[in-house]
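Just below is one structure, and these are the notes that go with it.
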Amino acid sequence: MDASRLAALNRGEVEARNLAECLAINQSVLLKTVLSEIGMSKTADSVFAMADLSGTEGISHKMAKIGMALREALGNERYKEQIMQKMALHPSDTVRSWAAFVVARAADGMALEERLAAVRAFAADTHFGVREWAWMATRPYLAADIAQAIRCLTPWTADGDANIRRFSVESIRPRGVWCEHIKELKECPWQAEALLDRLHADSSRYVQDSVSNWINDASKSQPKWAQQLCERWSKNADGYSKRIISRALRTLSKKETSRQTTR
Numbered sequence: 001m002d003a004s005r006l007a008a009l010n011r012g013e014v015e016a017r018n019l020a021e022c023l024a025i026n027q028s029v030l031l032k033t034v035l036s037e038i039g040m041s042k043t044a045d046s047v048f049a050m051a052d053l054s055g056t057e058g059i060s061h062k063m064a065k066i067g068m069a070l071r072e073a074l075g076n077e078r079y080k081e082q083i084m085q086k087m088a089l090h091p092s093d094t095v096r097s098w099a100a101f102v103v104a105r106a107a108d109g110m111a112l113e114e115r116l117a118a119v120r121a122f123a124a125d126t127h128f129g130v131r132e133w134a135w136m137a138t139r140p141y142l143a144a145d146i147a148q149a150i151r152c153l154t155p156w157t158a159d160g161d162a163n164i165r166r167f168s169v170e171s172i173r174p175r176g177v178w179c180e181h182i183k184e185l186k187e188c189p190w191q192a193e194a195l196l197d198r199l200h201a202d203s204s205r206y207v208q209d210s211v212s213n214w215i216n217d218a219s220k221s222q223p224k225w226a227q228q229l230c231e232r233w234s235k236n237a238d239g240y241s242k243r244i245i246s247r248a249l250r251t252l253s254k255k256e257t258s259r260q261t262t263r
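Structural data, given as structure tokens:
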């Protein structure tokens, strides 16, 4: 990446094109540029301080801490709604991702259904990074009450937007990427079976990959359940289902191949 491209990212003028660019952004520099532009410079010192303190941490911790610091600072802003709107529509995917953390990690007393409604626009964002941060920001609340999470997410599986359907699965993967595992779903993945059933023949590859990754996660701790689910799906499988099943059982297939070659 050349210096001019990095400078544009740090000024919040463009979206990151890939993960490498996301990681290259200096979030402290971006904050100092953006918060002044959106009218938040008077209450921004605590946010700048948090960004500087988290400078050596991994991006997941850094994003969460900046998001929380922004949420607290916004509590003292007279024009909070207008500022949030500017963040939610900002050209920078990183700024929109901070906004996702602000709304997803609102007051602890907020109902899970309301929290999901607040983060929905970010789950449907056109940028891959914002969508990832949206589910990561919400995941702790989903993991805290799996039964309620599944009830709230099930209607999302019927949404016309593949990004929303994908969120319904990715947000509660048993062994999610860059986040804590959900022990309850590693041990008892069948709790989400009805939700997964609704997407077992989804036409979107983005959704298919998420469903298959979910089952592959579960197969590492509950292989019999994963096999039985895929066997049931295979009875009336179309091309979409066959792709999901093949990818869902990839870890078990590798283990079986390895056993056969060592005999």
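So that you can map any letter, position 79 of the sequence shown is 79 in full-length UniProt numbering, and since no number is skipped, the others follow by simple counting.
Beta carbons: idealized from backbone N, C-alpha and C, even for Gly.
The beta carbons of Met-50 and Ile-66 sit about 6 Å from each other, so the pair counts as a contact at 8 Å. In this structure Ala-143 is in contact with Ile-182, their Cβ atoms being roughly 5 Å apart against a cut-off of 8 Å. With a cut-off of 8 Å on Cβ pairs, the region 39-49 is not in contact with the region 14-26, counting fewer than three such pairs. Just measuring C-alpha positions, the residue of His-61, Ala-88, Gly-58, Leu-53 sitting nearest Leu-35 is Ala-88.
In the same chain as Lys-80, and ignoring 5 residues on each side of it, the C-beta atoms closer than 7 Å to its own belong to Leu-74, in chain order. Here the C-alpha atom of Arg-115 lies approximately 30 Å from the C-alpha atom of Ile-244. Comparing C-alpha distances from Ser-28 to each of Ala-16, Leu-53, Asn-18 shows the shortest one belongs to Leu-53. DSSP places Met-87 in the helix class (H, G or I) of the three-state scheme. The Cβ atoms of Ser-210 and Arg-166 sit closer than 7 Å to each other.
Here DSSP, grouped into helix, strand and coil, assigns Tyr-79 to coil. The closest CA to that of Leu-112, considering only Asp-2, Ala-248, Cys-152, Ser-97, is found on Cys-152.
The residue from Lys-220, Asp-161, Met-84, Phe-101 with its alpha-carbon nearest to that of Tyr-206 is Asp-161.
Here Pro-174 carries a coil assignment [DSSP, helix/strand/coil]. Residue ranges of uninterrupted alpha helix (DSSP H) with 4 or more members, entirely inside the region 187-245 and ordered along the chain, are 193-197, 205-219, 223-234.
In this structure, Arg-120 lies away from Cys-179, with their beta-carbon atoms at least 7 Å apart.
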